[in-house]
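Presented below is the structure to which this report refers.
Numbering (the numbering used here), first residue to last: 2 to 178.
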């Protein structure tokens, strides 16, 4: 992997990628050979201070969209990793749809002694499905995007162990963590 790790480093439990670098043909989650199986990931990041604008969701959305940085990365994955992701997303969808059915059935039902309980359960299931689906679909997380470099969380420790250690002085970047 040494010859194919140009533009790739490890920084603690983070993968540092230089824009345009080619990732090796190994699963980023398990470090097993990917056998040419690739998955395109679009990673978006904005400075965490922007979350302070959540008091006004509309303003937050406008500012977050305006200042977000996005990078597209093609990573190696095994069929098992993709299957786990698909299964988790399907479970989330199923729970969300079941919650919606329960919610609307109870709203339209005229004879239910525990109407409020099932309506609340339906809402919780819908929200759980939305949140679970969002988490399951994003199996890599961006820690930071700065200049030519991207820091990614959620990478296998074995995968990271094969990469050289990141030295921020190479890129003249301050990293206060």
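All residues carry an ideal CB built from backbone N, CA and C; glycine is no exception.
Run of the alpha helix (DSSP H) containing residue i, from where it starts to where it stops
| i | result |
| --- | --- |
| residue 130 | 116–138 |
| residue 1 | Absent from the model: residue 1. The displayed extent of the chain is 2 to 178, so no value can be given. |
Beta bridge counterpart(s) of residue i as assigned by DSSP
| i | result |
| --- | --- |
| residue 19 | 150 |
| residue 44 | 72 |
| residue 101 | Beta-bridge pairing links residue 101 to no other residue. |
| residue 77 | 28 and 39 |
| residue 34 | 27 |
Three-way DSSP call (helix, strand, coil) for residue i in this model
| i | result |
| --- | --- |
| residue 94 | helix |
| residue 143 | strand |
| residue 109 | helix |
| residue 64 | helix |
| residue 53 | helix |
First through last residue of the beta strand (DSSP E) which encompasses residue i
| i | result |
| --- | --- |
| residue 12 | 9–12 |
Backbone CA spacing between residue i and residue j [nearest angstrom]
| i | j | result |
| --- | --- | --- |
| residue 3 | residue 164 | Low confidence applies to residue 3: its pLDDT is 39, below 50, so where it sits in the model is not reliable enough to give any reading. |
| residue 118 | residue 134 | 24 Å |
| residue 100 | residue 156 | 33 Å |
| residue 89 | residue 137 | 6 Å |
| residue 9 | residue 39 | 17 Å |
| residue 16 | residue 108 | 48 Å |
| residue 162 | residue 72 | 24 Å |
| residue 12 | residue 168 | 8 Å |
| residue 81 | residue 114 | 45 Å |
| residue 103 | residue 132 | 18 Å |
| residue 142 | residue 154 | 5 Å |
| residue 30 | residue 91 | 20 Å |
Closer than 8 Å: residue i CB and nearest the ligand FAD heavy atom
| i | result |
| --- | --- |
| residue 82 | Summarising the ligand content, the structure contains no ligands, and the ligand FAD is consequently not present. |
I'd like to know if the region 38–49 and the region 68–80 are in contact, where contact means that at least 3 CB-CB pairs between them fall below 8 Å. yes
So does the region 142–156 actually touch the region 87–107, counting three or more Cβ pairs closer than 8 Å? no
Contact between the region 76–87 and the region 25–41 is defined here as three or more beta-carbon pairs at a separation below 8 Å; is this criterion met? yes
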